[in-house]
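Taken in order, these protein sequences are the chains called A and B. Under this note's numbering, the letters of the first sequence match residues 30 to 423, in that order. Under this note's numbering, the letters of the second sequence match residues 19 to 267, in that order. Note that the Cβ used here is the ideal one computed from N, Cα and C, for glycine as well. The structure appears right after this line, and notes come after that.
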Amino acid sequence: MAGKFQGIDFYDVDGLLSEEERMIRDTIREWVEDRVMPLIGEAYIERRFPTELIPEIAEMGMLGANLPEEYGCAGLNNVAYGLIMQELERGDSGIRSFASVQGALVMYPIHAFGSEEQKREWLPQLAAGTKIGCFGLTEPDYGSNPAGMITTAKKTDDGWVLNGTKMWITNGSMADVAVLWAQTGEIGDTKGIRGFVVPTDTEGFTATDQKGKLSLLASDTSELHLQDVHLPDSALMPETTGIRSPLMCLTQARYGIAWGVLGAAMACFHEARSYAVERVMFDGPIGGKQIQQVRLADMLTQITQGQLLALQLGRLKDAGTMTAQQVSLAKRANVNMACDIAREARRLLGANGILVEYHSMRHMANLESVYTYEGTHDIHSLILGQALTGIAAF
Amino acid sequence: MNITVCLKRVPDTETRVRISDSGTSIDPGGVKFVMSPYDEFAMEAALRMTEASGEGEVVALTLGDTTSQETLRSALAIGADRAVLLNGEVTMDGLATARALASELGEADVPLILFGMKAADDDQQQVGPMVATLMGRPCATGVSSFELTDGTVVCDREVEGGTERVELPLPAVITVTKGEFEPRYASLKGIMAAKRKPLEEKEAQISPARITVEKLEYPPARAEGRIVGEGPDAVPELVRLLREEANAL
Ligand SMILES: Cc1cc2nc3c(=O)[nH]c(=O)nc-3n(C[C@H](O)[C@H](O)[C@H](O)COP(=O)(O)OP(=O)(O)OC[C@H]3O[C@@H](n4cnc5c(N)ncnc54)[C@H](O)[C@@H]3O)c2cc1C
Ligand SMILES: Cc1cc2nc3c(=O)[nH]c(=O)nc-3n(C[C@H](O)[C@H](O)[C@H](O)COP(=O)(O)OP(=O)(O)OC[C@H]3O[C@@H](n4cnc5c(N)ncnc54)[C@H](O)[C@@H]3O)c2cc1C
């Protein structure tokens with residue numbers, strides 16, 4: 030088996046990080062090594078998210094780590110936040126997904142669009158991991174086109190009533206609170222889409238586990254059913270202003286993914302390299318064969334490119350100048366890179382590569398979900414295409 | 019109670035080290051350096067003591083070059099209140115290191131000084147007891163747990179086949195082994211707070227080393243394994259080899 034993971038840094042990217050950023054990265058790396066690696070293979074084949082990790086994830090401050098200290102968060106810069114995502118996904122995309130959803134898709138919208146009351150009530154508990162959140166945007170017939178959603182929120186005298194179905198919702202069954210997006214106006218009215226903070230024990234709210242997955246097995250993916258869910262006025266996030274609002278959340282989460290998948294890619298490369306030098310076939314280690322050297326060289330090149338891409342994106346985000354299109358480019362490029370590396374690593378491992386004792390195939394299968402969620406690869410191509418030509422091709 | 023923890027920057031125990039061209043030191047290139055694991059136990063012990071009593075400060079002290087700042091920052095990140103770096107060369111001469119530390123510690127007069135039982139790089143187990151000797155303090159080594167009572171410290175030591183309980187009057191020096199001191203992870207807030215905590219640098223009072231390294235060598239390559247047979251039939255042969263060749267039985 031591969032030795033201890035110590036990161037991949039062919040271009041002294043570490044030299045571009047501050048001492049704190051490195052220390053944060055190393056601390057999470059150590060934690061993943063000690064806590065995630067020993068249990069992740071088993072959790073994966075048992076198809077369960079390892080909830081036993083939540084208290085320590087929270088205690089260390091990993092949830093909503095780039096949100097301000099005033100609400101119980103760690104107040105880190107975005108590069109440090111990205112490095113945390115990288116290390117978590119080195120363990121498993123399911124662990125990173127959990128943290129992404131809680132931080133970027135639940136805590137972020139409450140912080141950005143919520144009332145002061147909603148922030149005070151939910152953010153400290155979400156940061157402490159005593160409450161778990163989920164984000165319900167996608168519907169069975171509205172995936173890539175969430176603006177067309179048919180989940181409705183109708184105004185009543187003293188609040189709102191929600192009806193509809195949300196699908197593919199990460200953390201859905203274990204959540205205590207859901208950030209739900211619904212149409213308050215005519216179907217298709219992009220300005221009518223508003224967000225609600227909904228405790229999952231509200232009458233009419235049910236969640237069912239998505240059966241039959243072959244990817245992201247160590248993650249809770251669920252369907253949410255909303256049948257006459259009555260909510261007080263205070264459940265509405267007052268600053269939500271249409272489809273733009275959930276898309277802003279997705280920009281946050283996609284940013285984390287652009288970093289996270291680097292971790293998955295590094296894990297696969299690390300495994301492949303160690304295997305290549307140890308596995309003897311014919312007259313020597315397979316790492317001594319040109320085919321495998323090309324494979325490894327390609328992997329290293331792509332990881333190095335991806336690192337620099339993510340880091341500069343983080344510096345732009347910290348400077349406040351990052352655009353959604355730049356995030357699309359990084360999500361698209363880095364996820365695609367990680368998918369390729371995971372598959373090549375699996376192949377290099379021969380038959381062992383299909384086993385759960387090794388990590389590459391687990392990452393390979395996971396990354397297919399990551400390729401699809403948070404805007405499919407194709408949709409990011411179209412976002413960039415629109416930015417380049419001024420013509421929308423959706 | 020105020021506690022000083024002396025710690026050392028060492029290569030990560032998981033790193034594969036290379037001997038440098040000089041043949042007398044390791045090549046630091048590509049090596050990740052960390053706080054020596056035994057020092058982490060000592061730090062954990064100190065933090066638990068001050069947290070439980072709600073008073074006193076924990077100071078991290080090291081002898082080293084400026085790269086040791088990073089190690090001190092990690093001590094501050096997990097909870098030390100302040101840190102002191104004695105700028106000076108670390109050699110194989112434990113007494114030279116002990117003198118430098120003792121001259122600094124002598125000024126501060128803290129009631130309890132903790133060390134890791136040994137440094138994970140040179141394994142010498144010298145510095146803690148030498149500092150105690152230089153300062154004229156009692157010293158317990160290899161302590162797996164301890165308790166402070168009025169004016170004394172009661173220590174459990176791991177000894178062959180059991181534990182030994184000893185009592186020392188304060189001020190005292192203790193070297194710590196893992197025992198119950200599983201070190202904590204730094205929290206992200208702790209890491210951010212670390213840069214705001216004081217880290218003082220001073221020139222070390224260091225005497226020339228009287229022990230020098232002649233040469234370093236890699237351990238001999240392990241001989242290839244041998245299969246002596248399969249199933250229960252192989253047992254007699256295996257036992258014979260273990261007894262006669264390996265002298266393991
Ligand atoms: C494991 C997992 C977890 C998820 N977690 C969440 C969550 O927590 N919250 C949430 O709201 N959603 C979540 N999702 C949903 C995810 O965001 C959607 O699956 C995604 O947006 C794609 O939607 P879809 O599956 O309906 O595919 P579709 O939109 O039906 O797309 C099918 C295919 O058509 C392509 N396509 C679509 N439109 C176009 C076009 N105009 N031109 C060219 N090609 C097009 C797509 O690229 C894709 O290849 C999750 C999904 C998965 C798999
Ligand atoms: C599900 C499954 C079922 C199977 N069923 C059977 C079965 O019924 N009967 C049976 O006999 N076997 C079976 N196999 C074994 C299968 O044929 C071997 O796994 C395959 O031959 C590869 O051998 P390996 O796994 O030892 O990989 P290795 O030979 O160790 O190869 C590892 C990697 O190195 C590459 N490589 C190897 N040699 C070189 C070289 N000289 N130059 C460059 N690259 C090289 C390979 O392409 C691969 O990428 C099965 C395997 C699987 C996964």
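Excluding five sequence neighbours on each side, which residues of the same chain lie with their C-beta closer than 8 Å to the C-beta of A:PHE430? Residue 430 of chain A is absent from the structure shown; chain A starts at 30 and stops at 423.
With a cut-off of 8 Å on the beta carbons, I'd call A:SER122 and A:LEU396 a contact; round off their distance for me. About 7 Å; that satisfies the 8 Å criterion.
Quick check: what's the CA-CA separation for B:GLU107 versus A:GLY343? Each residue's alpha carbon lies about 38 Å from the other.
For the stretch 123 to 137 of chain A, which residues have a beta carbon sitting closer than 7 Å to at least one beta carbon of chain B? Close to chain B, meaning a Cβ-Cβ distance shorter than 7 Å, is no residue of the stretch 123 to 137 of chain A at all.
Hey, out of A:VAL290, A:MET196 and A:GLY93, whose CA is closest to A:LEU253's CA? Looking from the CA of A:LEU253, the closest CA among A:VAL290, A:MET196 and A:GLY93 belongs to A:MET196.
Just verifying my parser: in three-state terms, what is the DSSP assignment at A:PHE298? In this structure, A:PHE298 counts as helix in the three-state DSSP scheme.
DSSP three-state call for B:ARG27: helix, strand or coil? Strand.
Taking all protein chains shown into account, decide if B:PRO254 is buried (16 or more other Cβ within 10 angstroms of its Cβ) or exposed. Burial state of B:PRO254 is exposed, judged by a 10 Å Cβ sphere holding fewer than 16 other Cβ atoms.
Against chain A: residues of the stretch 197 to 225 of chain B by CB proximity under 9 Å: So the close ones are TYR203, ALA204, SER205, LEU206, LYS207, GLY208, ILE209, MET210, ALA212 and LYS213.
Is A:GLN35 close to chain B, meaning its C-beta is less than 8 Å from at least one C-beta of that chain? By this cut-off, A:GLN35 is an interface position.
First and last residue of the uninterrupted beta strand (DSSP E) at A:SER251: In the DSSP annotation of this structure, the continuous segment of the beta strand (DSSP E) that includes A:SER251 starts and ends at 250 to 261.
N-terminal and C-terminal residue of the beta strand (DSSP E) that A:MET196 is part of: Element bounds for A:MET196: 188 to 199.
Along the chain, which unbroken stretches of the alpha helix (DSSP H) at least 4 residues long are found entirely within the stretch 85 to 141 of chain A? Restricting attention to alpha helix (DSSP H) runs no shorter than 4 residues, the stretch 85 to 141 of chain A encloses them at 107 to 120 and 122 to 129, ordered along the chain.
A:PHE311 by DSSP, collapsed to three states: which one? Secondary structure of A:PHE311 (DSSP, three-state): coil.
8 Å contact criterion, which A:THR250 and A:ILE198 should meet: CB distance rounded: A Cβ-Cβ distance of about 7 Å is found for the pair A:THR250 and A:ILE198, placing them in contact under the 8 Å criterion.
Using only the alpha-carbon positions, how far apart do A:ARG372 and A:SER389 sit? When rounded, the distance between both Cα atoms is 7 Å.
What distance in whole Å lies between the Cβ atoms of B:MET19 and B:LEU166, which are believed to be in contact at a cut-off of 8 Å? The Cβ separation is near 7 Å, so the contact holds.
Spatial distance of A:ILE320 from A:TYR100 (CA atoms): Each residue's Cα considered, the two are about 53 Å apart.
Residues in the stretch 87 to 98 of chain B having any Cβ partner in chain A nearer than 7 Å: Cβ contacts with chain A: GLU88, ARG91, SER92 and ALA95.
Comparing alpha-carbon positions, which option in A:THR167, A:MET277, A:LYS242 and A:SER173 lies nearest A:GLY193? Comparing Cα positions, the closest option is A:THR167.
Out of A:PRO97, A:LEU411, A:GLY289 and A:LEU358, point me to the one whose CA is closest to A:ARG58's CA. Nearest in C-alpha terms to A:ARG58, of all of A:PRO97, A:LEU411, A:GLY289 and A:LEU358, is A:GLY289.
Whose C-alpha, out of B:ASP39, B:ASP251, B:LYS50 and B:CYS24, is nearest the C-alpha of B:ALA118? From the listed residues B:ASP39, B:ASP251, B:LYS50 and B:CYS24, the smallest Cα separation to B:ALA118 is found for B:CYS24.
Taking only the alpha-carbon atoms, compute the straight-line gap between B:LEU256 and A:GLY241 and give it to the nearest angstrom. Computed Cα separation, rounded: 49 Å.
In this structure, how does DSSP classify A:LYS242 when only helix, strand and coil are distinguished? A:LYS242: coil per DSSP, three-state reduction.
Pull up the DSSP beta-bridge partners for B:ALA158, would you. As computed with DSSP, B:ALA158 is found in a beta bridge with B:ILE192.
Taking 7 Å as the cut-off, is the C-beta of A:ARG308 nearer than that to any heavy atom in ligand 2? Yes - ligand 2 has a heavy atom lying nearer than 7 Å to the Cβ of A:ARG308.
Cβ neighbours of A:PRO267 in the same chain (closer than 8 Å, five flanking residues each side left out): Same-chain partners within the cutoff: PHE142, GLY143 and SER144.
DSSP beta-bridge partners of A:THR237: Note: A:THR237 sits in a beta bridge opposite A:GLU252.
Mind checking A:SER47: buried by the 16 CB within 10 Å criterion, or exposed? Looking at its Cβ environment, which holds fewer than 16 other Cβ atoms inside 10 Å, A:SER47 is exposed.
Could you give the uninterrupted runs of the alpha helix (DSSP H) lying entirely in the stretch 174 to 249 of chain B, keeping only those of 4 residues or more? Within the stretch 174 to 249 of chain B, the complete alpha helix (DSSP H) runs of at least 4 residues are 206 to 212.
What are the partner residues of A:TYR171, as DSSP defines its beta bridges? DSSP output for A:TYR171 lists A:GLU168 as bridge partner(s).
Secondary structure of B:GLU165, DSSP reduced to three states: B:GLU165 sits in a strand when the DSSP states are folded into three classes.
Contact list for A:ILE56 against chain B, beta-carbon separation under 7 Å: Inspection of the sequence shows that residue 56 of chain A is occupied by Thr rather than by Ile. Under the 7 Å cutoff, chain B gives TYR203, ALA204 and ILE209.
Return the Cβ separation of A:VAL108 and A:GLU50 in integer angstroms, given the expectation that the two are a contact with Cβ distance under 8 Å. Taking 8 Å as the upper bound for CB-CB distance, A:VAL108 and A:GLU50 are in contact here, some 6 Å apart.
B:ALA266 to B:GLU248 span [Cα, whole Å]: Whole-angstrom Cα-Cα distance: 20 Å.
Relative to ligand 3, is the shortest distance from any of its heavy atoms to the C-beta of A:VAL130 smaller than 7 Å? For the structure depicted, ligand 3 is absent and the ligand set comprises only ligand 1 and ligand 2.
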